[in-house]
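Asker: Whatever position you read off the sequence shown (first residue = 1), add 10 for my numbering. Beta carbons: idealized from backbone N, C-alpha and C, even for Gly.
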Amino acid sequence: MSAGALNVEGLLASLMAQAEGRGVDLVTLRALAEESSQAGARRALASLGLDDERARRDMDELRELLSAWRDAKKSARRALVSWFVRVGLALLLIGLAVRFRLTDLITG
Numbered sequence: 011m012s013a014g015a016l017n018v019e020g021l022l023a024s025l026m027a028q029a030e031g032r033g034v035d036l037v038t039l040r041a042l043a044e045e046s047s048q049a050g051a052r053r054a055l056a057s058l059g060l061d062d063e064r065a066r067r068d069m070d071e072l073r074e075l076l077s078a079w080r081d082a083k084k085s086a087r088r089a090l091v092s093w094f095v096r097v098g099l100a101l102l103l104i105g106l107a108v109r110f111r112l113t114d115l116i117t118g
């Protein structure tokens, strides 16, 4: 949980304690806090364009895309490492051929 969320929770708890001390029903305060948080969440989703029926499907598609992107990056990284290993081994073989004067095998 972030520090901002902890501050909000602390503030909410403090306000609820004050209201309860003044005789306001705790159940009513909790219901008010719950409704307020839900309304805030709905506004946040609406501002992101995620307040319609397609939002769930859109989020699932975005997760699929992100997963595919991560898989592609992983595959590309593996291919690059494999390529460097092969080039390194080829250079090592060429170096050994030169060292042992087997250059006739290289030049054909």
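I need the boundaries of the alpha helix (DSSP H) containing D61, first residue and last residue.
Answerer: Per DSSP, D61 belongs to no alpha helix (DSSP H) and is neither H nor E.
Asker: In the structure shown, what three-state DSSP assignment does R32 receive?
Answerer: Here R32 sits in coil by DSSP.
Asker: Excluding five sequence neighbours on each side, which residues of the same chain lie with their C-beta closer than 7 Å to the C-beta of L72?
Answerer: none
Asker: Alpha carbon to alpha carbon, what distance is there between A43 and S57?
Answerer: Going from the Cα of S57 to the Cα of A43 covers about 21 Å.
Asker: Jot down the residue ranges of each uninterrupted alpha helix (DSSP H) in the region 42-118, minimum 4 residues, whole runs only, in chain order.
Answerer: 65-109, 113-117
Asker: Within its chain, find whatever has a CB closer than 6 Å to the CB of L55; leave out the 5 residues flanking it on each side and keep chain order.
Answerer: D61
Asker: Give me, in chain order, the residues of the same chain whose beta-carbon lies closer than 6 Å to that of A29; leave out the 5 immediate sequence neighbours on both sides.
Answerer: L39
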